[in-house]
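Sequential numbering from 376 applies to the sequence shown in our numbering.
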Amino acid sequence: MWDAIWHNGRLATMAESGSPYGALDDAAIATKDGRIAWCGRRGDLQGAPHTLARDAHDLAGRWLTPGLIDCHTHLVYGGNRAREFAQRLEGVSYAEIARAGGGIVATVAATRAADDNSLFASARRRLSALLAEGVTTVEIKSGYGLNLETELKQLRVARRLGAELPVTVRTTFLGAHALPPEFAGRADAYIDAVVAMLPEVKASGLADAVDAFCENIGFSPEQTERVFAAATKLGLPVKLHAEQLSDLGGAALAATYGALSADHLEYTGEDGVAAMAAAGTVAVLLPGAFYFLRETKLPPIAALRAAAVPIALATDCNPGSAPLTSLLLVLNMACTLFRLTPEEALTGVTRHAARALGLSDRCGTLEVGKAADFAVWDIDDPAELAYRIGFNPLAYSVKNGAFPQI
Ligand code: DI6
Ligand code: FE
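If you want it as structure tokens, here you go:
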């Protein structure tokens with residue numbers, strides 16, 4: 376006897392099956408102990424749905440997809456940067472603001488000043504907006520503390536979000552995000568400090584991975600590599616903010632360390648793409664940051680496709696370059712701005728996003744043994760998820776086989 380079955384619906388399994396969206400018409404999906412126990416066509420069921428499971432739910436022809444996965448966010452932070460947005464509209468660039476001591480460092484001051492409860496409360500609102508659109512797994516980075524105490528505070532709040540809300544949270548330590556004011560002019564000394572934080576971060580159990588910002592306004596490839604070498608020694612997987620504003624060879628460096636993902640990639644060249652393909656590193660594209668910074672250089676989509684690099688998509692939710700809490704809008708932007716197909720876009724927030732988090736065996740597709748994380752939609756075609764702008768067709772979501780209270 377299964378715990379529950381959803382029947383009389385259409386499943387976008389997103390599994391590699393050769394058919395668009397891995398779709399199954401007139402299908403059913405059953406759960407047991409929070410996992411998918413069966414998934415297939417109605418004709419292959421061994422009886423009437425209500426005789427096979429304790430609870431039977433009629434989908435009434437609706438589409439059911441895997442729960443969506445936002446694999447790159449900076450969701451936990453203090454304050455906001457609306458004033459900086461206004462400055463940028465008057466012509467000051469993102470990089471100029473960063474160099475003048477604003478930008479990330481402004482959020483660092485607000486995050487250091489905030490206590491756990493206020494960080495939790497503001498992040499919870501943002502996370503709730505994501506969950507309302509069918510997100511069931513989210514990655515959350517630190518990086519607005521830039522000292523051990525505040526980085527751990529952010530990671531602790533991220534873990535608490537996962538404990539109190541119906542969502543799986545994967546955490547990432549981003550100590551090498553920006554140079555804190557107390558290290559002005561001493562970037563190498565700050566990288567020494569980040570390397571020294573790593574064993575404590577690892578011992579705290581609060582970080583699942585390590586990230587860095589490899590950029591002219593961030594850290595050099597040499598400095599990034601020192602963080603990666605230390606993380607790798609501790610057994611922590613790495614990922615990288617690479618080639619958002621210039622090509623420093625970050626994607627290739629990340630691939631050398633077997634990175635889970637390289638993210639942004641607007642300025643990545645052929646060699647970076649080839650290195651990612653060889654290493655199996657996922658390309659995480661962030662069209663919301665591209666849009667919000669009014670960037671014009673497109674990531675190398677054709678080259679990524681040609682090399683069969685898996686493409687994932689995420690909000691990059693952060694106060695400076697992407698104050699964005701809609702993964703559905705990201706799907707639309709990926710299609711309109713980056714020319715992804717609606718199917719590539721949905722794959723980017725399901726199967727490929729799971730891989731970017733090292734969770735391919737646990738979520739991202741509707742397959743037996745994976746977590747029973749679903750989103751049920753009032754749509755006639757999965758392409759509608761990418762097509763609409765500012766409309767939420769979610770009927771309900773299911774987390775670990777249960778109906779969550781958001
Ligand atoms: N790239 C980003 O998109 C965010 N961090 C990064 O390294 C932006 C962070 C911010 O502006 O607060
Ligand atoms: Fe980011």
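Glycine included, every Cβ here is placed at the ideal spot set by N, Cα and C.
- With 16 or more other CB atoms across the displayed protein chains lying within 10 angstroms of its CB, Gly550 is buried.
- Asp401 sits in a strand when the DSSP states are folded into three classes.
- According to the DSSP assignment, Lys608 belongs to no beta strand (DSSP E) but to the alpha helix (DSSP H) extending over Pro596 to Lys608.
- Looking only at Ala604, Asp433 and Leu721, the smallest Cα-Cα distance to Pro574 is reached by Ala604.
- Within a 10 Å sphere around the beta-carbon of Gln598 sit 16 or more other beta-carbons, which makes this residue buried.
- DSSP places Thr700 in the coil class of the three-state scheme, outside both helix and strand.
- Rounded to the nearest whole angstrom, the CA to CA distance from Cys692 to Asp638 is 13 Å.
- Looking at the backbone, the Cα of Ala653 and that of Gly633 are separated by about 9 Å.
- The three-state reading of DSSP puts Asn492 in helix, counting H, G and I together.
- The region 538–558 and the region 516–527 touch, with no fewer than 3 CB-CB distances between them shorter than 8 Å.
- With a threshold of 8 Å, the Cβ atom of Thr546 does not count as near the ligand DI6, since no heavy atom of the ligand is closer than that.
- DSSP lists Ala750 as the bridge partner or partners of Ser772.
- Counting only the Cα atoms, Val483 lies some 17 Å from Gly560.
- The beta carbon of Gly409 sits closer than 6 Å to those of Ala747, Asn775 and Gly776, all from its chain and outside the five residues before and after it, given in chain order.
- Collapsing the DSSP output to three states places Cys446 in coil.
- Leu734 carries a coil assignment under DSSP once its states are collapsed to helix, strand and coil.
- Across the set Leu540, Ser772, Glu600 and Arg535, the C-alpha of Glu600 shows the shortest separation from the C-alpha of Asp567.
- Assignment of Ser636 by DSSP, reduced to helix, strand and coil, places it in the strand class.
- If you keep only unbroken alpha helix (DSSP H) runs of at least 4 residues inside the region 611–678, you get 625–631, 645–654 and 662–667.
- Exposure of Thr716 is indicated by the presence of fewer than 16 other C-beta atoms within 10 angstroms of its C-beta.
- Per DSSP, Leu760 lies in no beta strand (DSSP E) segment; the continuous alpha helix (DSSP H) that holds it begins and ends at Glu759 to Tyr762.
- Spatial neighbours of Glu645 in its own chain (CB-CB distance under 8 Å, excluding positions within 5 residues in sequence) are listed in chain order as Pro675 and Ala678.
- Judged by their CB atoms, Val705 and Gly744 are not nearer to each other than the 9 Å cut-off.
- Every alpha helix (DSSP H) stretch that sits fully inside the region 550–597 and reaches 4 residues is listed by chain position as 562–579.
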